[in-house]
Amino acid sequence: MTLLDDSFDPRITGTFLLLLGGWLSWLLFEHVKFSRKYKFPPLVPGLPVLGNTFQIPSIDQGPYLQKLGQKYGEIFTLKFGRSYWVILNSRRVAQELLEKRAAIYSSRQKLPMAHDIVSGGKRMLLMPYGDQWRRQRRIMHQILNSSQRRTFEPFQDIESKALMYHLLTQSTPWYLCLGRFSNSVIMSVVFGRRTELNDPHLSAVYRAQEEFVPYLMPGSSIVDTFPLLANLPLLKRLQPWRRKGDDLYQRTLQVFSKLVDDLQESMHNGTHKSCFMSELLQSEKETFSKAEVAFMAGTLIEAGTDTTRTSMLELIAGTAMYPDWVPHAREELDAVCGANAERLPSFDDIDKFPMIKAAIKEAVRWRPTNSQTGIPHALTKDDEFEGYRLPAGTVVTWNNWGISHNPEDFDRPECFDPSRFLDENVDKIAKGHLGFGAGRRLCVGSDVAANNLFIAVSRLIYCFDVEQDPAHPIVVDKPFPLSAEAEPYKVIIKPRTDAHRELIFRECSEAA
Ligand code: HEM
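Going by this note's numbering, 406 is the number at position 405 of the sequence shown; the sequence numbering is gapless.
Rendered as structure tokens:
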């Protein structure tokens, strides 16, 4: 007791308490001011300071938010550290905010770890709305939009033929065939080169991606939960999160750069095939640093691969469980390609198969896996909506899984029913659902995705019967596993007739 008394100068203790009291009063004052000025949609109860950070599960967040939506209504709020997330639970509110007010709802949240450090500020998907994003988005749009589709068709044609052959011979489990198809078609579109399952460069890309994705989860990094920590006057190298983040950034950059260097070498030798990156490197309209170019390529590979694979998984499960749409699609296919397997469907037939196009949209809607809770947007200006007042910086996302399952948005939502999309927008892959996002951040690769899926799905439905395994009914009460190596469900995929089997051997074996 005496020791303590001796070691503390009462004047210092008094000053300290005074400062602490002042700081707490300031915090309280700011809190009251903030609460008076802004009004959020119903807030899901959470812990003091941390909010809902540790309530959200690390997988299957879509079904979790769906349940919250059923309890809290069309629009509600979660709080992660200091950031407020407004969750939109109907197409109506998503359209009102993300589309109609896109001018102020198109940024991304501040992520000092996931974006500034691990991505070196160069991953377009996470870039705030501004000049750097606009420049990258413009050039991506120029190269990937539908007027460029002829550049990519030869790749999509060959990869879908390889897929048919692999599904027929079953040398690899069917779901790994889908993974190979999706990898290879995006690598071809972006780098003009095909991939094998064990391609070492590609494995390195996926390892980097697997390490990065967890940083997108709320609560995964203290500095993303409390971005103010990034502004503390600490030497950069003393920030405890830095070493790990810088290391991942350097490794990712190395992996992406190697792919660009290889392409540049083949362009130099005149052996390359025209692709996204060759167009970008030859473009004189925009100049980007080498690291920016590498991250643009990496972003496309990351954004395009798994989304294609999981959309195919959704289509196959939906077809096996709800096959009623298939005879209608086959009427269209057979009328063009022959009921007796005369030839494969091709891109020249694209306007003759509306049911296939509707089925692709339905696959993206039915069980959204990669963006089950949307890809969060952020608000750049204070805004008012239906009595709520939201501050700039609010994170706003659409509850993709919940909306896809909402009977007010989609009639009999649990059914895989492509005919719901047989309307005047059947050619517009991103219309009528939220699978490709909304507003100015809408997926920039949606035209490429539409063609990847069109050619693969038309050939699949023309050549194969897809059925449930009676011993293992497919269960779809949660999103499919994100790992490409996990068997998502059991299904039987077998050639429609011997003539279709022959057709695949004849037209696809070389591609495989
Ligand atoms: C079925 C396949 C696909 C689906 C379901 C899909 C879905 C999405 C979604 C939901 C977003 C976020 C939209 C938003 O924030 O509002 C997005 C963004 C993006 N997608 Fe896709 N995508 C697919 C295929 C592709 C492909 C093939 C590419 C590239 C070739 C691509 C490139 C991108 C890029 C670069 C972004 C970021 C856009 C930005 O932040 O401005 N995607 N995609």
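Cβ coordinates follow ideal geometry from the N, Cα and C atoms, glycine included.
Buried/exposed call for W134, threshold 16 Cβ in 10 Å: Buried: at least 16 other Cβ atoms inside 10 Å.
8 Å Cβ shell around P489 - same chain, five flanking residues per side excluded: If the five residues before and after P489 are omitted, its C-beta is found closer than 8 Å to the C-beta atoms of Y176, L314, A318, F481, P482, all from its own chain and listed in chain order.
Cut-off 6 Å between Cβ atoms - residues of its own chain near R368, not counting five sequence neighbours on either side: Within the same chain, R368 has close Cβ partners E315, V477.
Closest residue to V337 among E415, Q62, S459, E287 (Cα-Cα distance): The option with the nearest alpha carbon to V337 is S459.
Coarse secondary structure for E211, derived from DSSP in three states: In the structure shown, E211 falls within a helical segment according to DSSP collapsed to helix, strand and coil.
Residue from R497, S405, L435 with nearest C-alpha to P64: Among R497, S405, L435, the Cα nearest to that of P64 is on S405.
V191 vs C276 beta-carbon contact at 8 Å: Closer than 8 Å, so yes.
Nearest residue (CA-CA) to E333, options F386, E425, I462: The candidate whose alpha carbon is nearest that of E333 is I462.
Beta strand (DSSP E) segment containing D384, residue limits: Per DSSP, the unbroken beta strand (DSSP E) holding D384 starts and ends at 384-386.
As assigned by DSSP and simplified to three states, the class of P328: If DSSP states are grouped into helix, strand and coil, P328 belongs with the helices.
With 16 other Cβ atoms within 10 Å as the buried cut-off, status of S148: Answer is exposed; the Cβ neighbour count stays below 16.
Contact belief for Y73 with P46 at Cβ below 8 Å, rounded distance in angstroms: Y73 to P46, Cβ: 10 Å. No contact.
Spatial neighbours of K382 in its chain, beta-carbon cut-off 6 Å, leaving aside the 5 residues before and after: I105, A393, listed in sequence order.
Residue(s) in a DSSP beta bridge with I493: Within the DSSP bridge table, the entry for I493 names E468 as partners.
Rounded straight-line distance, which links the Cα of L423 to that of L112: If you draw a straight line from the Cα of L112 to the Cα of L423, it comes to about 40 Å.
DSSP bridge partner residues for H378 (one or two, in chain order): Beta-bridge pairing links H378 to V397.
Near ligand 1: M278 beta-carbon under 7 Å from a heavy atom: The nearest non-hydrogen atom of ligand 1 is 7 Å or more from the C-beta of M278.
Ranges of the beta strand (DSSP E) found wholly within the stretch 51-122, counting only runs of at least 3: Segments of the beta strand (DSSP E) lying fully in the stretch 51-122: 76-81, 84-89.
Distance between N90 and L282 (C-alpha atoms, nearest Å): Computed Cα separation, rounded: 41 Å.
Any non-hydrogen atom of ligand 1 within 7 Å of H329 CB: Result no, Cβ not under 7 Å from ligand 1.
Beta bridge counterpart(s) of H473 as assigned by DSSP: DSSP, once it has assigned bridges, lists D470 as partnering H473.
Closest residue to N400 among P328, R93, A457, R37 (Cα-Cα distance): Taking only the C-alpha atoms, the option nearest N400 is R93.
Residue burial classification, V397 (beta-carbon count within 10 angstroms, cutoff 16): The residue is buried, with at least 16 neighbouring Cβ atoms inside 10 Å.
beta-carbon R312 near ligand 1 non-hydrogen atom, thresh 7 Å: According to the sequence shown, residue 312 is Ser rather than Arg. When distances are taken from the beta-carbon of S312 to the heavy atoms of ligand 1, the shortest one is below 7 Å.
Residue closest to T300, alpha-carbon to alpha-carbon, out of A513, E31, M141: With distances taken between Cα atoms, T300 lies closest to M141.
DSSP-derived helix/strand/coil call for R195: DSSP, reduced to helix, strand and coil, places R195 outside both helices and strands of the structure shown, so it counts as coil.
Cβ neighbour criterion (16 or more within 10 Å) applied to H32: With fewer than 16 other Cβ atoms from the protein chains shown falling within 10 Å of its own Cβ, H32 counts as exposed.
L126 versus V327: straight-line alpha-carbon distance, rounded: Taken atom to atom, the span from the alpha-carbon of L126 to that of V327 is near 36 Å.
Distance cut-off 7 Å: M125 Cβ against heavy atoms of ligand 1: Yes - ligand 1 has a heavy atom lying nearer than 7 Å to the Cβ of M125.
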